[in-house]
Structures are given as C-alpha cells and as structure tokens.
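Novice: Can you read through this structure? Questions will come right after.
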Amino acid sequence: MSDETSADRDQYTPPQEAETLGGPEKSTTEKDPHDWVTGDEPATGAQKSYLDTLARQAGEEISADLTKAEASEHIERLQEKTGRSPS
1 MSDETSADRD QYTPPQEAET LGGPEKSTTE KDPHDWVTGD EPATGAQKSY LDTLARQAGE
61 EISADLTKAE ASEHIERLQE KTGRSPS
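So for the sequence shown, the UniProt record's numbering puts the first residue at 1; every next one is plus one.
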C-alpha cells in the first residue's frame with residue numbers, strides 16, 4: 001500500500017522537458033545582445049575570426065574594435081547578406 005494521498009496525486013507535476021542545444025530551431029532563451037551581461041566586453045577571438053570571414057565574403061570592412069554584442073549583431077547581419085544564415 002502506498003503512502004500517497006489523493007492530495008499528493010492532484011499536485012503531481014510531470015517533469016519538464018530538458019532543454020537541448022543544436023536541435024530544431026526553437027529559440028525561447030535567445031536574448032537581445034544588448035541585454036547580455038557581458039555584451040559590453042571586447043569581442044572574442046572566435047567572433048573576430050568569423051566576422052573576418054563573413055566581412056570578406058560580403059565585401060565589407062568592419063572595425064576590429066567591437067564589443068561582444070556588436071560583433072554578434074554584425075555576424076547575424078552578414079550571415080543573412082552572405083546566405084550563411086543558420087536555418
């Protein structure tokens with residue numbers, strides 16, 4: 001016999017689906033880059049490298065003196081322009 005009462009059964013909440021990365025596009029956690037806590041820090045090496053590639057493909061020059069948030073915005077814009085936008 002179980003110690004569970006009807007009140008316990010009525011309050012049961014099924015476990016939430018675990019958040020995953022890299023699956024089908026469903027961006028409920030995406031924040032505006034300006035809302036990032038670290039958005040005003042200098043762009044990372046990876047961001048600068050990717051921006052260099054995208055800017056060359058788009059025929060643009062972009063200042064290397066960027067924040068993480070600015071780099072992210074340029075990346076999104078240039079991905080659209082070059083057709084490299086994630087689908």
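Even glycine gets a Cβ: it sits at the ideal position worked out from N, Cα and C.
#1: Helix, strand or coil for T82? Go by DSSP, reduced to three states.
#2: From the DSSP output, in three-state form, read off T53 for me.
#3: Compare the Cα-Cα distances from T44 to each of Q57, R56, A58, T67 and report the closest residue.
#4: What residue from I62, A55, A64, D40 has the CA that sits closest to T82's CA?
#5: So is E70 buried or exposed if we call it buried at 16+ other beta carbons inside 10 Å?
#6: Nearest-angstrom Cα distance between D65 and S72?
Specialist: Put simply:
#1: Start at 1 with the first residue of the sequence shown, and residue 82 comes out as number 82. In the structure shown, the three-state DSSP call for T82 is helix.
#2: Here residue 53 refers to the residue found at position 53 when the sequence shown is read from its first residue. Helix, per DSSP.
#3: On the sequence shown, position 44 is the one that residue 44 refers to. In this structure, T67 is the residue among Q57, R56, A58, T67 with its C-alpha nearest to the C-alpha of T44.
#4: If you number the sequence shown from 1, residue 82 lands on position 82. Minimum Cα-Cα distance from T82 among the listed residues I62, A55, A64, D40 corresponds to A55.
#5: By one-based count along the sequence shown, residue 70 stands at place 70. Per the 10 Å Cβ criterion, buried.
#6: Within the sequence shown, numbered from 1, the residue matching residue 65 stands at position 65. Within the sequence shown, numbered from 1, the residue matching residue 72 stands at position 72. For D65 and S72, the distance between alpha carbons rounds to 13 Å.
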